[in-house]
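Please read the structure below before turning to the comments.
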Amino acid sequence: MTNTGAFQILSFDMVRIPEMDEEVVDSITARCRRCGHVTTVNDGAVHHLSGGLVMECGQCSNRQALSNAGLAPAHTDLRSV
677 MTNTGAFQIL
687 SFDMVRIPEM
697 DEEVVDSITA
707 RCRRCGHVTT
717 VNDGAVHHLS
727 GGLVMECGQC
737 SNRQALSNAG
747 LAPAHTDLRS
757 V
C-alpha cells in the first residue's frame, strides 16, 4: 500500500464531512519504517490538522503529517477493487 516515507500505510478509512464537502481520515493502520511497529488510530483519536492528520508511532514516537488529499486517491482505488 502507500509508502509515506516514515510509514507504510496498511489500511485506512475516510468519511465525508458534508458541511466541508471533504473526505477526512477516520481510522488508519500503519507500520513505522523506523522500528517496524504497527499502530492503529481510530475511534476519534486521529490527530487532525487542516487538510490532513498527524500519524505517530505508538512505540518509537516517529511522527509524520499526512494530507487527506494525498491519501484520497488510494482510498478511491481500494473502493473500486
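Residue numbers are given in the working numbering: position 73 of the sequence shown equals residue 749, and the series is strictly consecutive. We treat Cβ as the ideally placed atom computed from N, Cα and C, and that holds for glycine.
- The continuous beta strand (DSSP E) containing R707 extends over residues 698-708.
- For G728, the enclosing beta strand (DSSP E) covers residues 728-732.
- For Q735, there is no enclosing beta strand (DSSP E), as DSSP gives it neither H nor E.
- Look at the beta carbons and you see the segment 738-749 touching the segment 713-730: at least three pairs across the two are nearer than 8 Å.
- Boundaries of the beta strand (DSSP E) around V714: 714-717.
- Contact annotation: E699 and R692 have beta-carbon atoms nearer than 9 Å.
- Taken through DSSP and simplified to helix, strand or coil, A741 comes out as strand.
- Between V714 and the set Q684, V722, E695, the nearest pair of CA atoms involves Q684.
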